[in-house]
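*Asks:* The numbering used here applies: residue 219 is where the sequence shown begins, and numbers increase by one. Think of the CB as a built atom: it goes at the ideal place given N, C-alpha and C, for glycine as much as any other residue. Nothing here was measured: the structure is a model prediction, and the numbers come from that model. What follows is a single structure, and I will ask about it in a moment.
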Amino acid sequence: MENPIDATTAATLLYVEDDPATRKMVTLMLRRKFPQVSLLLAENGQMGLQLFTAHKPDIVMTDVRMPVMDGIRMAREIKALDRRTRVIILTAASDTALLLDAIDIGIHHYVLKPVKMDKLEAAINHCLSGVRLEQQVRQQDEYIRQMAYFDSLTGLPNRQLFDEFLHLALAQAHRHNHDRLLAVLFLDLDRFKVINDTLGHAVGDQLLTAVARRLKECCRRDRDTVARRGGDEFMILLPDLDSPQEAARVGQKIIDSFASPFVLPEHELFISTCIGISIFPDDGTEGETLVRNADMAMYRAKEHGRSRYHFYNPSMDVQAARRLALETSLRKALERQEFFLQYQPKVNVKTGQIVSFEALVRWQHPELGLVPPKQFIPLAEETGLIVPLGEWVLRTACAQNRTWQDANLPPLRVAVNFSPRQFQMLRLAEMVERVLAETRLDPCWLELEVTEGIMLHNIDNAITTLHRLSELGIHLAIDDFGTGYSSLSYIKKLPINTLKIDQSFVSDITVNPDDAAIATAVITMAQSLRLNVIAEGVEAEEQARLLDALQCPEMQGFFFSKPLSAEEFPLILGKPHWRSTLPPGVTKQ
Ligand code: C2E
Ligand code: MG
Ligand code: MG
Numbered sequence: 219m220e221n222p223i224d225a226t227t228a229a230t231l232l233y234v235e236d237d238p239a240t241r242k243m244v245t246l247m248l249r250r251k252f253p254q255v256s257l258l259l260a261e262n263g264q265m266g267l268q269l270f271t272a273h274k275p276d277i278v279m280t281d282v283r284m285p286v287m288d289g290i291r292m293a294r295e296i297k298a299l300d301r302r303t304r305v306i307i308l309t310a311a312s313d314t315a316l317l318l319d320a321i322d323i324g325i326h327h328y329v330l331k332p333v334k335m336d337k338l339e340a341a342i343n344h345c346l347s348g349v350r351l352e353q354q355v356r357q358q359d360e361y362i363r364q365m366a367y368f369d370s371l372t373g374l375p376n377r378q379l380f381d382e383f384l385h386l387a388l389a390q391a392h393r394h395n396h397d398r399l400l401a402v403l404f405l406d407l408d409r410f411k412v413i414n415d416t417l418g419h420a421v422g423d424q425l426l427t428a429v430a431r432r433l434k435e436c437c438r439r440d441r442d443t444v445a446r447r448g449g450d451e452f453m454i455l456l457p458d459l460d461s462p463q464e465a466a467r468v469g470q471k472i473i474d475s476f477a478s479p480f481v482l483p484e485h486e487l488f489i490s491t492c493i494g495i496s497i498f499p500d501d502g503t504e505g506e507t508l509v510r511n512a513d514m515a516m517y518r519a520k521e522h523g524r525s526r527y528h529f530y531n532p533s534m535d536v537q538a539a540r541r542l543a544l545e546t547s548l549r550k551a552l553e554r555q556e557f558f559l560q561y562q563p564k565v566n567v568k569t570g571q572i573v574s575f576e577a578l579v580r581w582q583h584p585e586l587g588l589v590p591p592k593q594f595i596p597l598a599e600e601t602g603l604i605v606p607l608g609e610w611v612l613r614t615a616c617a618q619n620r621t622w623q624d625a626n627l628p629p630l631r632v633a634v635n636f637s638p639r640q641f642q643m644l645r646l647a648e649m650v651e652r653v654l655a656e657t658r659l660d661p662c663w664l665e666l667e668v669t670e671g672i673m674l675h676n677i678d679n680a681i682t683t684l685h686r687l688s689e690l691g692i693h694l695a696i697d698d699f700g701t702g703y704s705s706l707s708y709i710k711k712l713p714i715n716t717l718k719i720d721q722s723f724v725s726d727i728t729v730n731p732d733d734a735a736i737a738t739a740v741i742t743m744a745q746s747l748r749l750n751v752i753a754e755g756v757e758a759e760e761q762a763r764l765l766d767a768l769q770c771p772e773m774q775g776f777f778f779s780k781p782l783s784a785e786e787f788p789l790i791l792g793k794p795h796w797r798s799t800l801p802p803g804v805t806k807q
């Protein structure tokens, strides 16, 4: 790396003078004698101060007596803003009182008027040498920092800087309650030594530089850190991940990118790499442990051959391989029509009647069998596939509901789940409106279930979309209520109709008083906000009884019915379900 200290230093000079003739003469001299200096001109102190704030010149040269604001006052304010600014005062000999003031402020020079050019030149030169010295010290500091923190061959952060970034990222991840993951990737080049030994170090260096560039291209520019650890070893820090799969994806991307040759001035080289991955918090919560475990994982990858990545935790390898395979087949599943819907009724326990039903997507994978939504929905969200899939679910559910209504079955509202990712779409409301028109379903027969997660990103867009949907006459429910992290105050601001008490509070409601307390709180809150409330995941009569006693009007769960196929669902429509035995309005404690 070239030492930047030799670079020529430039400076900016602000000249403040109200007399046009003097200003012209001095300006001419400055342009001739100091061509490298950028000039700023002002007619009075106030203008000077404005220019100073905007441009931060290194040197200020000013007349004293000026309209609006005099030179001494301006100099005082400038010094208060930046003590290091060099100030030259141009003044008449009779201004001795002002001079005392000037000394008090800490000016560097004063030049008597009428101005003698050689005196002025000497003063400016003196200031310039000071400025230059300061700039050199600053550049030297920067140079030392570069030497200490960056790899001189590739320009990448070195091991020290990587460790510092890792430390910071971990501190942040700890603050987020381990809720975001972080990955450390450790990689080295397969058989780099052979290239170095046979083609020479110069070619080895060119290759390392090209590898550095390619690694950076495989990462998120603003968030990830690619560093050189030494020799042919590199490290990558991927902060803020949703799943280990994202790290696996970067690993695979790097391996794939190494499939094309590295084109160097005189050679075209193929090289492969092995990557070890460790994940915070599973594989360690300290930087050192994560690095050591990623290193160990890399050795395991090498044992298995070239061009591969390995997680430190073997079970993650299995998971990652499975998820990668899933991801590939998920992309094709829509075209191959492997998705279908099941429908689960929601029951009003006061009447024992089905009041609506939820559409739940299913994936019939040709080899893996039925894949549960908990596995493929997050994957569809990560890959963006949720957008076409979500639209397919909506269209199918609306069309099905319309078919049942056309067959004169009692009209019911169909609930469709929407992921937070779908709410980042700009024209979501238009899409829903279009699907309703195409399937000829009245908006009042559609309900959308959204989670609190929609409020985490682009809140304004989410709120606008919810309002548009609500204005169309669509019902809106907050799904899995109570599991999100957002504040409750947003509920009042949203056009929500229903809260769904998450099944995690229902499953132990009869044995865990905390869960019962949460359910009570949600029901009370819904009542006071005039919202409907439904409990999901009701599996047993005791749970239904208790929820009924807590005044929960609607329920959904295996106790009433499992999700059913489109053929099965109409068969249960006429049948009465379990209903409350309490007289209306009575709360059993
Ligand atoms: P969710 O919207 O909270 O749906 C309720 C889940 O609980 C469903 O799981 C349902 O089958 C299950 N369930 C219903 N009653 C009971 C019960 O009594 N006990 C137990 N243990 N479980 C019960 P499923 O179908 O596996 O769906 C899981 C999640 O996947 C859904 O949770 C929803 O968040 C998501 N999902 C399902 N379909 C879609 C869809 O079309 N689009 C989107 N974006 N997400 C969907
Ligand atoms: Mg739901
Ligand atoms: Mg739910």
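Helix, strand or coil: how does DSSP classify residue 491 here?
*Replies:* The answer is strand: DSSP assigns residue 491 an E or B state.
*Asks:* Can you determine whether any heavy atom of ligand 2 sits closer than 7 Å to the C-beta of residue 697, and answer yes or no?
*Replies:* Yes, ligand 2 has a heavy atom inside 7 Å of this Cβ.
*Asks:* Quick check: does the Cβ of residue 750 come within less than 7 Å of any heavy atom belonging to ligand 1?
*Replies:* Answer for residue 750: no, Cβ out of range of ligand 1.
*Asks:* Report yes if the C-beta of residue 585 is less than 7 Å from at least one heavy atom of ligand 2; otherwise report no.
*Replies:* It does not: the Cβ of residue 585 is nowhere closer than 7 Å to a heavy atom of ligand 2.
*Asks:* Could you tell me if the beta carbon of residue 635 falls within a distance shorter than 7 Å of some heavy atom in ligand 1?
*Replies:* Yes, Cβ of residue 635 sits closer than 7 Å to a heavy atom of ligand 1.
*Asks:* Please work out which residues of its chain come closer than 6 Å, Cβ to Cβ, to residue 553, disregarding the five sequence neighbours upstream and downstream, and give them in chain order.
*Replies:* Correct list: empty, nothing qualifies.
*Asks:* Should residue 222 be labelled buried (16 or more other beta-carbon atoms within 10 Å of its own) or exposed?
*Replies:* Its pLDDT being 34, under 50, residue 222 is placed unreliably in this model, and the value from its coordinates should be taken loosely. With fewer than 16 other Cβ atoms within 10 Å, it is exposed.
*Asks:* On the DSSP bridge list, what partners appear for residue 327?
*Replies:* 306.
*Asks:* Which word fits residue 358, buried or exposed, when buried means at least 16 other C-beta atoms lie within 10 angstroms of its C-beta?
*Replies:* Exposed: under 16 other Cβ atoms inside 10 Å.
*Asks:* Check the DSSP bridge columns for residue 374 and list the partner residues they point to.
*Replies:* According to DSSP, residue 374 bridges with nothing at all.
*Asks:* Can you grab the Cα-Cα spacing for the pair residue 595 / residue 603, in whole Å?
*Replies:* Looking at the two C-alpha atoms, the distance is approximately 9 Å.
*Asks:* Let me confirm a value: residue 789 is counted as buried when at least 16 other C-beta atoms fall within 10 Å, else exposed. Which label applies?
*Replies:* That one is exposed.
*Asks:* With C-beta atoms as the reference, is residue 258 less than 8 Å away from residue 275?
*Replies:* Cβ atoms of residue 258 and residue 275: closer than 8 Å.
*Asks:* Under 7 Å: does the beta carbon of residue 670 sit that close to some heavy atom of ligand 5?
*Replies:* Ligands present in the displayed structure are limited to ligand 1, ligand 2 and ligand 3, and ligand 5 is not among them.
*Asks:* Under 8 Å, Cβ to Cβ, is there at least one residue of chain C near residue 695?
*Replies:* Going by chain labels, chain C is absent from the structure shown, which holds only one protein chain.
*Asks:* For residue 455, which of helix, strand or coil comes out of DSSP?
*Replies:* The answer is strand: DSSP assigns residue 455 an E or B state.
*Asks:* Using a Cβ-Cβ cutoff of less than 7 Å, which residues in the same chain neighbour residue 485 once the five nearest sequence positions on both sides are dropped?
*Replies:* Result list for residue 485: 417, 421, in chain order.
*Asks:* Whole angstroms is fine: what's the gap from residue 377's alpha carbon to residue 362's?
*Replies:* C-alpha separation (whole angstroms): 16 Å.
*Asks:* Let me check one thing: in DSSP terms, what residues is residue 793 bridge-paired to?
*Replies:* Bridge partners of residue 793: none, in fact.
*Asks:* For residue 522, I'd like the list of residues in its chain whose CB is within less than 6 Å of its CB, leaving aside the five on either flank, ordered along the chain.
*Replies:* So no residue of the chain qualifies.
*Asks:* Take every Cβ of the stretch 682-697, pair it with every Cβ of the stretch 650-658, and state whether three or more of those distances are shorter than 8 Å.
*Replies:* Result yes; three or more Cβ-Cβ pairs closer than 8 Å.
*Asks:* Straight-line CA distance for residue 675 to residue 642?
*Replies:* Roughly 8 Å between the two C-alpha positions.
*Asks:* What does the Cβ neighbour count give for residue 335, buried or exposed, with the cut at 16 atoms within 10 Å?
*Replies:* Exposed, by the Cβ-count rule.
*Asks:* Consider the C-beta atom of residue 562 and the heavy atoms of ligand 3; say whether any pair is separated by less than 7 Å.
*Replies:* Checking the Cβ of residue 562 against ligand 3 gives no.
*Asks:* The beta strand (DSSP E) with residue 644 in it runs from where to where?
*Replies:* No beta strand (DSSP E) contains residue 644, which DSSP labels as neither H nor E.
*Asks:* Output needed for residue 729: all residues of its chain with C-beta closer than 8 Å, excluding positions within five of it in sequence on either side, in chain order.
*Replies:* Cβ neighbours of residue 729 beyond the five flanking positions: none.
*Asks:* Opposite residue 565 in the DSSP bridges: which residues?
*Replies:* For residue 565, which the question treats as bridged, DSSP gives the partners 572, 773.
*Asks:* With distances taken Cα to Cα, identify the nearest neighbour of residue 309 among 298, 286, 718, 337.
*Replies:* Nearest C-alpha to residue 309: 337.
*Asks:* Suppose the cutoff is 8 Å on Cβ atoms and the five residues either side in sequence are ignored; what does the same chain contact list for residue 473 look like?
*Replies:* Excluding residues within five positions, the ones whose Cβ falls inside 8 Å are 490, 491, 493, 525, 526, 527.
*Asks:* Roughly how far, in whole angstroms, is the beta-carbon of residue 380 from the beta-carbon of residue 455, given that I think they are within contact range, below 8 Å?
*Replies:* At roughly 7 Å, the Cβ-Cβ gap stays under 8 Å, so residue 380 and residue 455 are in contact.
*Asks:* If you follow the beta strand (DSSP E) that residue 482 is in, where does it begin and where does it stop?
*Replies:* Note, residue 482: premise wrong, no beta strand (DSSP E); not H, not E.
*Asks:* Have a look at residue 270 and residue 296 and give me their C-alpha separation to the nearest angstrom.
*Replies:* Cα-Cα distance, rounded: 7 Å.
*Asks:* Could you spell out the range, first to last residue, of the beta strand (DSSP E) harbouring residue 631?
*Replies:* Where residue 631 is concerned, the enclosing beta strand (DSSP E) stretches over 631-635.
*Asks:* Candidates 511, 571, 464: which alpha carbon is nearest residue 539's?
*Replies:* It is 464 whose Cα lies nearest to the Cα of residue 539.
*Asks:* Is any heavy atom in ligand 3 found nearer than 7 Å to the beta carbon of residue 599?
*Replies:* Checking the Cβ of residue 599 against ligand 3 gives no.
*Asks:* In the DSSP assignment, what residue or residues form a beta bridge with residue 277?
*Replies:* Note: residue 277 sits in a beta bridge opposite 231, 304.
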